[in-house]
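From first to last, the protein sequence lines are chains A and B. With this note's numbering as the guide, the letters of the first sequence map in order to residues 35 to 308. With this note's numbering as the guide, the letters of the second sequence map in order to residues 22 to 178. For glycine and all other residues, C-beta sits at the position ideal for the given N, C-alpha and C. Computed from a predicted structure; not experimentally measured.
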Amino acid sequence: MRPLFSETSAAAVRLVVAVTFSVTTIFIDSRFNALTLVRQTIKTGLWPVEQLSFLPGRLLSEVIQWSQSQNLILQRLESIGLENQRLKTEQLKLHTLRAENAELRRLLGVKERVNERLLQAQIERLSNDPFIHRVTINRGLLAGVMMGQPVISADGLVGQVVVTYPNAADVLMMTDATHHLPVQVMRTRERAIAVGVGRMDRIELRNLPDTVDIVPGDILETSGLGARFQPGIPVAEVKEVIRAPGQPFAWVVAEPLAPLARLSLVMVDLSKGE
Amino acid sequence: MTFGLTWLLTLLLIAFPYPSFLSLALPHFGYLFVTWWGLMRNHQLSMTLLLVSSLPVDVLYGTALGLHGLIFASIAYALTLLGPSIRQVNWLRQSTVIFVVLMIASAVSYWVRTLTGQAPEFHILVFQAFSSALFWSPLCWLYDLLAQFTQDSEAQR
Numbered sequence: 035m036r037p038l039f040s041e042t043s044a045a046a047v048r049l050v051v052a053v054t055f056s057v058t059t060i061f062i063d064s065r066f067n068a069l070t071l072v073r074q075t076i077k078t079g080l081w082p083v084e085q086l087s088f089l090p091g092r093l094l095s096e097v098i099q100w101s102q103s104q105n106l107i108l109q110r111l112e113s114i115g116l117e118n119q120r121l122k123t124e125q126l127k128l129h130t131l132r133a134e135n136a137e138l139r140r141l142l143g144v145k146e147r148v149n150e151r152l153l154q155a156q157i158e159r160l161s162n163d164p165f166i167h168r169v170t171i172n173r174g175l176l177a178g179v180m181m182g183q184p185v186i187s188a189d190g191l192v193g194q195v196v197v198t199y200p201n202a203a204d205v206l207m208m209t210d211a212t213h214h215l216p217v218q219v220m221r222t223r224e225r226a227i228a229v230g231v232g233r234m235d236r237i238e239l240r241n242l243p244d245t246v247d248i249v250p251g252d253i254l255e256t257s258g259l260g261a262r263f264q265p266g267i268p269v270a271e272v273k274e275v276i277r278a279p280g281q282p283f284a285w286v287v288a289e290p291l292a293p294l295a296r297l298s299l300v301m302v303d304l305s306k307g308e
Numbered sequence: 022m023t024f025g026l027t028w029l030l031t032l033l034l035i036a037f038p039y040p041s042f043l044s045l046a047l048p049h050f051g052y053l054f055v056t057w058w059g060l061m062r063n064h065q066l067s068m069t070l071l072l073v074s075s076l077p078v079d080v081l082y083g084t085a086l087g088l089h090g091l092i093f094a095s096i097a098y099a100l101t102l103l104g105p106s107i108r109q110v111n112w113l114r115q116s117t118v119i120f121v122v123l124m125i126a127s128a129v130s131y132w133v134r135t136l137t138g139q140a141p142e143f144h145i146l147v148f149q150a151f152s153s154a155l156f157w158s159p160l161c162w163l164y165d166l167l168a169q170f171t172q173d174s175e176a177q178r
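Set out below in structure tokens:
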């Protein structure tokens with residue numbers, strides 16, 4: 035009879051050791067988040083590689099810019115000037131509304147929301163893994179970015195900072211399958227938890243009461259529960275409300291307002307985490 | 022030297038900011054890097070070095086640390102066993118075998134990702150394995166070129 039372990043090769047032993055090491059590392063990283071320092075160190079070391087990989091794209095955009103005609107640039111300048119004028123007018127209205135809001139809040143005895151400090155950041159790269167909705171932005175610890183800070187765009191919420199490095203930060207988008215976000219319906223103030231499903235164009239509200247008052251077209255905004263996001267940041271638009279006959283719960287499908295797949299500029303809300 | 026250069030090239034290919042619509046059609050350059058080492062240079066491949074080199078890949082993809090170590094080790098082991106029999110066959114047969122090996126690696130990846138709370142879709146992993154197998158031939162040529170270059174420069178010294 036052949037003994038069971040007589041042909042155990044050195045390669046198999048090495049494989050077992052490697053698998054044990056890997057599984058332990060995965061467990062520690064995903065369950066306890068204890069390897070952030072290792073991740074930060076590696077990411078800092080990868081900085082030159084990342085800069086080198088951005089070089090072809092940057093060169094290409096420089097060439098495109100250079101090849102654009104002067105007329106086109108003048109036209110763009112003109113339209114930007116007009117847009118700037120319009121935004122200035124809007125800003126004046128905003129000042130008035132802010133003052134009015136502050137007065138109303140004072141009358142109602144509600145604490146004023148202060149410290150809205152937004153930091154502009156550029157998205158440098160999107161994770162190439164199709165199941166991970168993470169982007170790297172070009173601002174990090176040195177610019178005051180901290181873990182947990184909300185990231186927004188002109189259209190609505192993008193996600194939150196999950197890892198910070200000296201000159202960069204990783205932002206987990208709200209559509210990632212591991213992201214959960216407390217939201218409310220703008221029209222009815224109905225609260226729910228929006229979960230990512232791993233698709234850029236979709237988040238879901240699950241297990242809502244069948245009688246919930248949500249209709250397609252409703253806007254979802256952050257509810258402020260959990261104290262991570264300020265209340266009132268627009269999140270998504272309801273596209274579909276699924277009420278299966280015989281099921282006690284309704285299911286809501288919504289589309290993020292921010293064009294997550296096409297974003298290039300975002301804002302980090304520095305007032306959170308301070 | 023060869024390991025360092027091929028690893029650097031792989032990291033560059035992974036870190037390159039591809040447009041988001043390409044994410045489903047992109048091959049996994051990390052898998053192809055291990056495939057080349059497991060198939061062509063398995064006598065020089067160290068498991069420790071492979072595990073250490075997998076950590077930056079985890080950071081670049083944003084996956085849990087250790088995920089790529091596990092997959093790299095599995096691919097390297099499988100190809101070390103298969104290496105002698107498929108090294109001499111044509112690129113089409115090689116790509117077919119690599120597709121099968123990468124499918125097994127994808128199954129491992131699917132299992133670990135599900136355990137860590139992600140929502141992977143298996144057909145995307147299958148597609149990624151397929152595109153990786155398609156890219157095998159040009160990337161193998163590129164790695165061979167780099168290996169030749171390092172050998173020549175070492176010989177000149």
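Exposure of residue i, with buried meaning 16 or more beta-carbon neighbours within 10 Å
{"i": "Thr27 of chain B", "result": "buried"}
{"i": "Asn162 of chain A", "result": "buried"}
{"i": "Leu297 of chain A", "result": "buried"}
{"i": "Phe54 of chain B", "result": "buried"}
{"i": "Ala150 of chain B", "result": "buried"}
{"i": "Lys77 of chain A", "result": "buried"}
{"i": "Glu238 of chain A", "result": "buried"}
{"i": "Ser113 of chain A", "result": "exposed"}
{"i": "Arg73 of chain A", "result": "buried"}
{"i": "Asp189 of chain A", "result": "exposed"}
{"i": "His213 of chain A", "result": "buried"}
{"i": "Gln218 of chain A", "result": "buried"}
{"i": "Gln183 of chain A", "result": "buried"}
{"i": "Ala176 of chain B", "result": "exposed"}
{"i": "Glu202 of chain A", "result": "Before going further, note that residue 202 of chain A is Ala rather than Glu in the sequence given. Answer is buried; the Cβ neighbour count reaches 16."}
{"i": "Ala44 of chain A", "result": "exposed"}
{"i": "Val249 of chain A", "result": "exposed"}
{"i": "Phe170 of chain B", "result": "exposed"}
{"i": "Phe143 of chain B", "result": "exposed"}
{"i": "Val110 of chain B", "result": "exposed"}
Close Cβ partners of residue i (< 6 Å) along its chain, the five nearest in sequence each way excluded
{"i": "Val47 of chain A", "result": "none"}
{"i": "Arg114 of chain B", "result": "none"}
{"i": "Ala292 of chain A", "result": "Ser187, Asp189, Gly190 and Val192"}
{"i": "Val118 of chain B", "result": "Ile107"}
{"i": "Ser127 of chain B", "result": "Leu146 and Ala150"}
For residue i: DSSP bridge partner residues
{"i": "Ala128 of chain B", "result": "In the DSSP output, where bridge partners are listed per residue, Ala128 of chain B has none listed."}
{"i": "Ala228 of chain A", "result": "A:Leu215 and A:Leu239"}
{"i": "Gln156 of chain A", "result": "A:Leu299"}
{"i": "Met207 of chain A", "result": "A:Gly193"}
{"i": "Phe277 of chain A", "result": "Note on residue identity: the sequence assigns Arg, not Phe, to residue 277 of chain A. According to DSSP, Arg277 of chain A bridges with A:Ala284."}
{"i": "Ala177 of chain A", "result": "Paired residue(s): none; Ala177 of chain A is not in a bridge."}
{"i": "Pro290 of chain A", "result": "A:Ala270"}
{"i": "Arg168 of chain A", "result": "A:Leu206"}
Neighbourhood of residue i by C-beta distance below 8 Å, restricted to the same chain and skipping five residues each side
{"i": "Gln172 of chain B", "result": "Thr23"}
{"i": "Asp15 of chain B", "result": "Coverage of chain B is limited to positions 22 through 178, which leaves residue 15 of chain B absent and any answer about it impossible."}
{"i": "Ser40 of chain A", "result": "Note that Ser40 of chain A scores 47 on pLDDT, short of 50, meaning its location in the model is unreliable and no value can be drawn from it."}
{"i": "Tyr39 of chain B", "result": "Leu47"}
{"i": "Leu38 of chain A", "result": "A caution first: Leu38 of chain A carries a pLDDT of 46, below 50, which makes its placement in the model unreliable, though a value can still be read off. Excluding sequence neighbours, Leu38 of chain A sits near nothing in its chain."}
{"i": "Ile125 of chain B", "result": "Ser95 and Ala99"}
{"i": "Val231 of chain A", "result": "Thr209, Ala211, Ile237 and Glu238"}
{"i": "Leu91 of chain B", "result": "Val129 and Val133"}
Minimum C-alpha distance to residue i - residue among the options
{"i": "Tyr52 of chain B", "options": "B:Gln65, B:Leu32, B:Arg178 and B:Leu102", "result": "B:Leu32"}
{"i": "Pro200 of chain A", "options": "A:Arg151, A:Gln109 and A:Thr170", "result": "A:Thr170"}
{"i": "Val185 of chain A", "options": "A:Leu93, A:Val286 and A:Gln264", "result": "A:Gln264"}
{"i": "Ser257 of chain A", "options": "A:Gly232, A:Ile237, A:Gln281 and A:Ala226", "result": "A:Ala226"}
{"i": "Leu167 of chain B", "options": "B:Ala36, B:Trp57 and B:Leu47", "result": "B:Trp57"}
{"i": "Glu84 of chain A", "options": "B:Ser116, B:Ser44 and B:Val78", "result": "B:Val78"}
{"i": "Asn67 of chain A", "options": "B:Thr137, B:Phe143 and B:Ser106", "result": "B:Thr137"}
{"i": "Trp81 of chain A", "options": "A:Arg65, A:Leu128 and A:Arg173", "result": "A:Arg173"}
{"i": "Thr209 of chain A", "options": "A:Val179, A:Leu86, A:Leu294 and A:Arg262", "result": "A:Leu294"}
{"i": "Thr70 of chain B", "options": "B:Gly83, B:His89 and B:Thr84", "result": "Per the sequence presented here, residue 70 of chain B reads as Leu, with Thr not at that position. Of the candidates B:Gly83, B:His89 and B:Thr84, the one whose C-alpha sits nearest the C-alpha of Leu70 of chain B is B:His89."}
{"i": "Phe93 of chain B", "options": "B:Val110, B:Ser44 and B:Val73", "result": "B:Val73"}
{"i": "Ala85 of chain B", "options": "A:Ser95, A:Gln125, A:Pro216 and A:Leu69", "result": "A:Leu69"}
{"i": "Ile253 of chain A", "options": "A:Ala44, A:Leu152, A:Ile267 and A:Ala261", "result": "A:Ile267"}
{"i": "Gly25 of chain B", "options": "B:Leu66, B:Leu123, B:Tyr82 and B:Trp162", "result": "B:Leu66"}
{"i": "Gln139 of chain B", "options": "A:Arg168, A:Ala261 and A:Leu160", "result": "A:Arg168"}
{"i": "Leu311 of chain A", "options": "A:Ala270, A:Arg159 and A:Gln281", "result": "Shown here, chain A extends from 35 to 308; a query on residue 311 of chain A therefore has no answer."}
{"i": "Trp157 of chain B", "options": "B:Leu76, B:His49, B:Arg178 and B:Ser127", "result": "B:His49"}
{"i": "Met180 of chain A", "options": "A:Asp204, A:Leu108 and A:Leu106", "result": "A:Asp204"}
{"i": "Ile157 of chain A", "options": "A:Leu206, A:Leu121 and A:Arg139", "result": "A:Leu206"}
{"i": "Ser116 of chain B", "options": "B:Leu43, B:Ile35 and B:Pro159", "result": "B:Pro159"}
Contact set for residue i: own chain, Cβ-Cβ below 7 Å, skip 5 residues either direction
{"i": "Phe120 of chain B", "result": "Ala150, Phe151 and Ala154"}
{"i": "Arg240 of chain A", "result": "Val229 and Trp285"}
{"i": "Pro282 of chain A", "result": "Asp244"}
On the three-pair Cβ rule with 8 Å, is the stretch 47-56 of chain A touching the stretch 92-104 of chain B? yes
Taking one C-beta from the stretch 274-292 of chain A and one from the stretch 237-246 of chain A each time, how about it: are there three or more such pairs within less than 8 Å? yes
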